[in-house]
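Chemist:
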Ligand SMILES: Cc1cc2nc3c(=O)[nH]c(=O)nc-3n(C[C@H](O)[C@H](O)[C@H](O)COP(=O)(O)OP(=O)(O)OC[C@H]3O[C@@H](n4cnc5c(N)ncnc54)[C@H](O)[C@@H]3O)c2cc1C
Ligand SMILES: Cc1cc2nc3c(=O)[nH]c(=O)nc-3n(C[C@H](O)[C@H](O)[C@H](O)COP(=O)(O)OP(=O)(O)OC[C@H]3O[C@@H](n4cnc5c(N)ncnc54)[C@H](O)[C@@H]3O)c2cc1C
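Protein chains in written order, with the working numbering: chain A, 23 to 532; chain B, 310 to 695.
1. Around the C-beta of residue 660/B, are 16 or more other C-beta atoms found within 10 angstroms, so that it is buried, or is it exposed?
2. Measuring from the CB of residue 696/B, is there a heavy atom of ligand 2 at a distance below 6 Å?
3. Residue 275/A lies in the beta strand (DSSP E); which residues open and close that run?
4. Let me see if you follow: with CB-CB separation under 7 Å, is residue 607/B close to chain A or not?
5. Is it the case that the CB of residue 343/B approaches a heavy atom of ligand 2 more closely than 6 Å?
6. I want to see whether chain B comes within less than 7 Å of residue 125/A, judged by CB atoms only; does it?
7. Counting beta carbon pairs with one atom in the region 650–659 of chain B and one in the region 631–642 of chain B, are three or more of them shorter than 8 Å?
8. Which of helix, strand or coil does DSSP assign to residue 394/A?
9. Note down, in chain order, all residues in the region 407–427 of chain B with a beta-carbon under 8 Å from any beta-carbon belonging to chain A.
10. Should residue 553/B be labelled buried (16 or more other beta-carbon atoms within 10 Å of its own) or exposed?
11. Just reading off the alpha helix (DSSP H) that residue 381/B is part of, what are its end residues?
12. Name the chain B residues whose beta carbon is nearer than 7 Å to that of residue 121/A?
13. Taking buried to mean at least 16 other C-beta atoms within 10 Å of its own C-beta, is residue 288/B buried or exposed?
14. From residue 26/A to residue 143/A, what distance separates their C-alpha atoms?
15. Nearest chain B C-beta to residue 478/A closer than 7 Å, yes or no?
16. Output needed for residue 336/B: all residues of its chain with C-beta closer than 7 Å, excluding positions within five of it in sequence on either side, in chain order.
17. In angstroms with no decimal places, state the Cα-to-Cα distance between residue 156/A and residue 472/A.
18. In three-state terms, what does DSSP make of residue 345/A?
19. Please confirm if residue 433/A has its CB atom under 7 Å from at least one CB of chain B.
20. Quick one: does residue 341/A have its CB under 7 Å from some CB of chain B?
21. Taking CB distances under 7 Å as the criterion, tell me whether residue 114/A reaches chain B.
22. Can you grab the Cα-Cα spacing for the pair residue 527/A / residue 454/B, in whole Å?
23. Looking only at its own chain, which residues have a Cβ that is under 6 Å from the Cβ of residue 213/A, when we skip the five neighbours before and after it?
24. Taking CB distances under 7 Å as the criterion, tell me whether residue 64/A reaches chain B.
25. Tell me the rounded alpha-carbon separation between residue 215/A and residue 228/A.
26. Heavy atom of ligand 1 less than 6 Å from the Cβ of residue 382/A, yes or no?
27. Alpha carbon to alpha carbon, what distance is there between residue 462/B and residue 498/B?
28. Drop a sphere of 10 angstroms on the beta-carbon of residue 422/B, count the other beta-carbons inside from all chains shown, and report buried for 16 or more, exposed for fewer.
29. For residue 572/B and residue 685/B, what's the separation of their Cα atoms in angstroms?
30. With DSSP as the reference, label residue 251/A as helix, strand or coil.
31. Going along the chain, which residues of the region 322–350 of chain B sit with their C-beta nearer than 7 Å to a C-beta in chain C?
32. Taking 6 Å as the cut-off, is the C-beta of residue 394/B nearer than that to any heavy atom in ligand 4?
33. Is it buried or exposed, residue 380/B, if we count other Cβ atoms within 10 angstroms and call 16 or more buried?
34. For residue 598/B, which of helix, strand or coil comes out of DSSP?
35. Could you check whether the Cβ of residue 577/B sits closer than 6 Å to any heavy atom belonging to ligand 2?
36. If distances are taken between C-alpha atoms only, which option among 38/A, 49/A, 32/A and 24/A comes closest to residue 364/A?
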């Protein structure tokens with residue numbers, strides 16, 4: 023099996039900077055990134071919320087690869103520094119020994135490209151996996167054309183393959199404003215920027231630029247529904263909301279658009295960290311569930327470091343890539359030091375210089391913004407809206423812990439349980455909601471509903487969202503065809519020793 | 310002090326089925342679990358239900374269970390997704406063919422319905438199954454259910470009867486007076502009890518240890534995976550090419566198999582249940598078994614910790630001392646047999662005996678098992694080399 027001193031997952035700003043820093047310190051670095059990804063993944067909204075607004079077919083793979091490389095100026099520098107760069111390669115699993123699993127001879131990642139999968143060992147790991155879009159539902163949000171800012175950003179900057187023509191952006195923080203600005207630069211007409219807040223939340227200069235270009239700004243508004251035909255969105259109905267997030271009757275506006283881009287927030291991609299058993303905590307100022315880390319971006323697992331959006335996202339990071347870059351360099355230094363490539367004193371001195379930029383955080387409280395959006399959408403759209411698009415589970419079904427509707431279950435007892443029931447003794451647990459209702463069990467692997475389920479649970483139970491256990495992560499963290507997961511490197515011995523279910527003839531693993 | 314006629318330890322399928330039948334018989338029952346309903350093996354297993362002919366001592370229980378499954382959802386008032394379209398075991402090697410014939414003969418000897426099917430018939434039952442299939446053995450009474458819905462169905466039905474369920478509450482010890490347990494100590498305070506049922510899965514051995522009784526149970530971690538949902542392909546439970554599994558009602562293929570790993574658990578905390586790269590070998594065997602489906606994506610895998618006795622058989626018995634203490638643990642057979650397990654345990658609590666034959670499942674069979682049996686067997690965790 024391949025073994026690497028330092029593996030970096032994610033060739034965005036942060037991961038690339040980490041790789042360069044460690045390589046310059048003399049470490050042999052391998053930098054892995056899944057881009058370019060296949061249309062088959064994009065269609066499933068994996069790993070970003072692409073909303074079926076990617077060109078189909080995508081340009082051919084070689085051209086995409088060129089574009090992906092061209093979208094990150096630092097990559098050439100990384101290669102010059104001796105970093106081994108592997109694009110088109112996703113990390114679908116992360117495995118390491120623990121109290122109840124001791125079969126491995128060291129920590130490993132599961133990698134895959136379009137053809138096959140393989141395992142790879144590492145001494146140190148930097149996870150710079152970025153963030154994904156925070157999705158929220160409204161009537162019609164399952165149609166093609168409802169997408170997320172990170173998905174749009176990827177299609178514009180990496181792939182040059184966004185097919186939107188007229189866009190409404192939800193969210194007036196820097197994330198939404200930057201998305202709107204970038205869309206305009208790409209020739210997309212931006213019809214409106216919408217926010218539940220009473221004034222635009224982001225950079226004033228950006229707001230004026232957009233308004234100057236004819237973009238309507240709707241503050242104190244939410245989405246009532248998206249309307250379309252043949253599964254394609256054609257317009258979106260906005261409605262004004264009052265201080266309690268209730269829609270104000272008669273204030274509806276219909277805005278023609280083929281795209282609604284959710285730019286309400288980005289959520290750190292902590293899935294690999296979850297698999298690795300890194301301690302995670304919900305931190306409203308850092309965009310949700312984030313890894314515990316010290317000021318040198320070391321996680322609770324000794325060999326694992328984090329950098330960039332995955333370590334915590336706030337709006338300030340959209341405009342200023344230096345934050346992610348500095349965090350990347352911190353991670354590169356910390357990993358290099360722990361591998362013995364540079365002395366502690368030097369690593370500390372250089373880290374001290376980087377820390378001010380790396381932690382140049384704008385005090386944020388994403389949760390109150392999420393909550394306001396979520397309440398307004400619940401109030402305007404009602405409870406019979408799909409939270410989980412893959413498995414067709416509504417808000418009411420989540421709260422009612424309803425069995426999947428395809429069972430058409432009826433009985434005297436049906437509908438008596440749930441988080442609103444008199445008994446009030448149902449555990450507030452998102453994994454349990456998933457198991458009973460199927461919300462989060464679909465092919466997008468919960469990317470589009472995790473936060474909504476937690477918000478619903480928190481709202482219904484009064485629990486603090488940080489106290490609701492984080493829904494579990496499991497491999498593969500990308501949908502992976504059987505034929506690709508297939509271990510071409512499986513030793514013949516595995517077949518010879520393959521046991522039947524606890525049959526007395528089995529042999530013990532390990 | 311809180312009190313109940315019966316305190317059941319463990320909100321897995323064994324404990325909840327027992328609690329349900331006890332509550333149905335009018336007993337005041339409290340179920341205590343350190344976590345939430347079905348969070349351990351009971352909500353993580355393959356959902357296979359069968360008459361278990363490879364384990365003759367289990368047949369009476371399994372036959373009773375299979376019968377009960379047929380009407381269980383209606384009885385409980387909550388869905389179980391039980392599908393009884395049969396169980397098909399296929400052979401891909403001559404050696405496996407031989408084993409199927411032996412198992413068929415065994416089944417017939419025990420009065421079960423089992424028939425051999427040829428490769429053509431198999432392809433009708435499972436379109437697209439590998440050409441390597443040499444033959445199969447079909448049990449009409451086999452099937453599968455949704456583990457998570459079923460274990461919750463028992464829990465809700467128990468609560469619907471007035472049963473009390475204390476989740477996120479761990480049992481830490483017992484008060485014993487003379488030859489009886491008088492109360493169960495939990496993280497939420499003691500509960501006085503006339504009878505105790507220990508259905509603590511892999512922790513059952515530790516639980517008995519708290520009252521000075523040695524019950525040989527070794528924990529093991531096992532893995533399973535799920536694909537994206539597909540159109541309906543086959544409704545039966547399928548065993549072959551080293552795997553067992555089925556297509557869920559929703560359409561996902563759920564298949565498990567491969568090596569288990571012996572491990573240790575502790576009394577009150579949740580054991581970790583990570584996956585390993587073994588899931589790649591499971592994926593391979595599924596693609597070999599159903600080659601037309603090789604492009605179907607795996608979207609999830611998971612693991613569970615099961616309990617295992619030295620002879621791979623469940624344990625259901627009343628302790629001699631303390632004499633008001635019933636133990637029930639399933640040796641990784643527990644989901645399919647759970648409706649009967651609950652009836653039997655309820656009988657033991659109410660009457661001290663049951664008319665379902667559990668002759669082979671008592672503690673007497675371990676009289677000669679030494680305290681260090683796990684070491685002797687090699688059923689101990691590998692050394693920690695993380
Ligand atoms: C609207 C918008 C505008 C932006 N404008 C700019 C800008 O002008 N300049 C700029 O520098 N940045 C811009 N950004 C990005 C932003 O600044 C980011 O916060 C910053 O780049 C952080 O980068 P990162 O390296 O943490 O994550 P990312 O850049 O997201 O990189 C993470 C990478 O890891 C990959 N990855 C994740 N998981 C896996 C896995 N399991 N296997 C393999 N690969 C994986 C991802 O596909 C991705 O390529 C913009 C973002 C948005 C949404
Ligand atoms: C991947 C997998 C596949 C399987 N496939 C099948 C199959 O197809 N068919 C089949 O029949 N069986 C199968 N099994 C086996 C089956 O799941 C188990 O035998 C069965 O679930 C055991 O149920 P139980 O209630 O006895 O134990 P558990 O489900 O383990 O429940 C025990 C409960 O006791 C609780 N507990 C433990 N200690 C304490 C304490 N100190 N205080 C309070 N509570 C405590 C635990 O939290 C737990 O909830 C499989 C198992 C796995 C993991």
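We treat Cβ as the ideally placed atom computed from N, Cα and C, and that holds for glycine.
Modeler: Working from what's here:
1. Under this definition residue 660/B is an exposed residue.
2. Lying outside 310 to 695, the shown extent of chain B, residue 696/B is not represented and no answer is given.
3. It spans 275–278 - the beta strand (DSSP E) in which residue 275/A sits, taken as one unbroken run.
4. The beta-carbon of residue 607/B is placed less than 7 Å from the nearest beta-carbon of chain A.
5. The answer is yes for residue 343/B.
6. For residue 125/A, the answer is yes, since a Cβ of chain B falls inside 7 Å of its Cβ.
7. Yes, since at least three Cβ pairs between the region 631–642 of chain B and the region 650–659 of chain B fall closer than 8 Å, the two stretches touch.
8. The answer is helix: DSSP assigns residue 394/A an H, G or I state.
9. The region 407–427 of chain B vs chain A, Cβ under 8 Å: nothing.
10. Classification of residue 553/B: buried, given that the 10 Å Cβ count is 16 or more.
11. For residue 381/B, the enclosing alpha helix (DSSP H) has its first and last residue at 368–385.
12. Close to residue 121/A, with beta-carbon spacing below 7 Å, are these residues of chain B in chain order: 581.
13. Missing from the structure shown is residue 288/B; chain B here goes from 310 to 695 and no further.
14. The alpha-carbon atoms of residue 26/A and residue 143/A are separated by roughly 6 Å.
15. For residue 478/A, the answer is no, since every Cβ of chain B falls outside 7 Å of its Cβ.
16. When the five nearest sequence neighbours on each side are left out, the beta carbons in the same chain lying within less than 7 Å of the beta carbon of residue 336/B are those of 314 and 315, in order along the chain.
17. C-alpha separation (whole angstroms): 9 Å.
18. Note: residue 345/A maps to helix in three-state DSSP.
19. Yes - at least one Cβ of chain B is within 7 Å of the one on residue 433/A.
20. No, residue 341/A lies away from the interface with chain B (no Cβ there is under 7 Å from its Cβ).
21. Not one chain B Cβ lies under 7 Å of residue 114/A.
22. Annotation note: pLDDT 46 at residue 527/A (below 50); position unreliable, coordinate value reported separately. Whole-angstrom Cα-Cα distance: 28 Å.
23. Cβ within range, chain order: 188, 190, 277 and 279.
24. The Cβ of residue 64/A sits no closer than 7 Å to any Cβ of chain B.
25. Our two residues, residue 215/A and residue 228/A, have alpha carbons roughly 12 Å apart in a direct line.
26. No, since every heavy atom of ligand 1 falls outside the 6 Å radius drawn around the Cβ of residue 382/A.
27. Answer to the nearest angstrom: the Cα atoms are 27 Å apart.
28. Exposed.
29. Between residue 572/B and residue 685/B, the C-alpha separation is close to 15 Å.
30. DSSP places residue 251/A in strand when its eight states are reduced to three.
31. The structure shown contains no chain C; its protein chains are A and B.
32. Among the ligands in the structure shown, ligand 4 does not appear; only ligand 1 and ligand 2 can be found there.
33. Counting Cβ neighbours within 10 Å, residue 380/B comes out exposed, since fewer than 16 surround it.
34. Of the three classes helix, strand and coil, the one that applies to residue 598/B here is helix, per DSSP.
35. Checking the Cβ of residue 577/B against ligand 2 gives yes.
36. With distances taken between CA atoms, residue 364/A lies nearest to 49/A out of 38/A, 49/A, 32/A and 24/A.
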